[in-house]
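In this note's numbering, the protein residues as written are 42 to 209.
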């Protein structure tokens with residue numbers, strides 16, 4: 042078995058996270074409750090690319106008529122992101138956030154696992170309200186993104202609210 046995959050499972054076991062594995066694909070699936078929604082997180086080890094990936098999504102499916110507006114929303118959310126990206130499958134309407142990191146010679150470390158999984162959850166919590174307001178509130182993508190980003194406060198800054206912070 043791959044050492045990085047073993048480390049990933051050990052990390053989850055030490056934190057009492059219930060997960061499902063696919064040893065052949067060196068991946069785990071786990072469900073987490075965020076501030077805004079419940080998310081399914083997939084973490085996988087790509088040995089061909091020596092890469093650790095985390096992909097997270099909410100159990101929503103964008104209706105076909107809303108997909109062009111949500112695609113614009115996602116493009117606006119992605120602009121300026123320093124780590125990770127949002128994606129939407131235009132055929133079925135699934136939306137997800139994906140982030141990855143190359144594995145080093147030291148292998149996979151707890152800090153990397155926690156950081157990438159935390160970033161995925163934070164970004165979903167931050168931007169899911171914009172996606173939902175475009176789908177169900179008929180809000181313009183530009184306004185939806187401006188609204189959620191106006192509530193964002195970076196690490197070390199103070200805020201009136203206690204919303205999620207990317208990477209925090």
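We put the beta carbon where it would ideally sit given N, CA and C, even for glycine.
No experiment lies behind these values; they were computed from the predicted model shown.
Measure the alpha-carbon distance for residue i versus residue j and round it to whole angstroms.
| i | j | result |
| --- | --- | --- |
| residue 176 | residue 76 | 20 Å |
| residue 96 | residue 137 | 7 Å |
| residue 145 | residue 107 | 41 Å |
| residue 104 | residue 135 | 10 Å |
| residue 173 | residue 65 | 35 Å |
| residue 70 | residue 185 | 30 Å |
| residue 191 | residue 43 | 43 Å |
| residue 179 | residue 49 | 40 Å |
| residue 149 | residue 132 | 34 Å |
| residue 86 | residue 56 | 19 Å |
| residue 51 | residue 154 | 11 Å |
| residue 151 | residue 182 | 36 Å |
Verify whether the separation of the beta carbon atoms of residue i and residue j is less than 8 Å.
| i | j | result |
| --- | --- | --- |
| residue 165 | residue 99 | yes |
| residue 72 | residue 63 | no |
| residue 143 | residue 91 | yes |
| residue 111 | residue 129 | yes |
| residue 171 | residue 118 | yes |
If you reduce the DSSP assignment to three classes, tell me which class residue i lands in.
| i | result |
| --- | --- |
| residue 74 | strand |
| residue 191 | helix |
| residue 99 | strand |
| residue 87 | strand |
| residue 61 | strand |
| residue 207 | In this predicted model, residue 207 has a pLDDT of only 40, less than 50, meaning its place in the structure is not dependable; the value taken from the coordinates is given anyway. Looking at residue 207 - three-state DSSP - the assignment turns out to be coil, as it is neither helix nor strand. |
Would you call residue i buried or exposed, if buried means 16 or more other Cβ atoms sit within 10 Å of its Cβ?
| i | result |
| --- | --- |
| residue 114 | buried |
| residue 163 | buried |
| residue 74 | exposed |
| residue 59 | exposed |
| residue 61 | exposed |
| residue 187 | exposed |
| residue 46 | buried |
| residue 116 | exposed |
| residue 120 | exposed |
Residue ranges of each alpha helix (DSSP H) run of no fewer than 4 residues wholly in the stretch 103-165, ordered along the chain?
-> Fully enclosed alpha helix (DSSP H) runs of no fewer than 4 residues occupy 108-119 of the stretch 103-165, in order along the chain.
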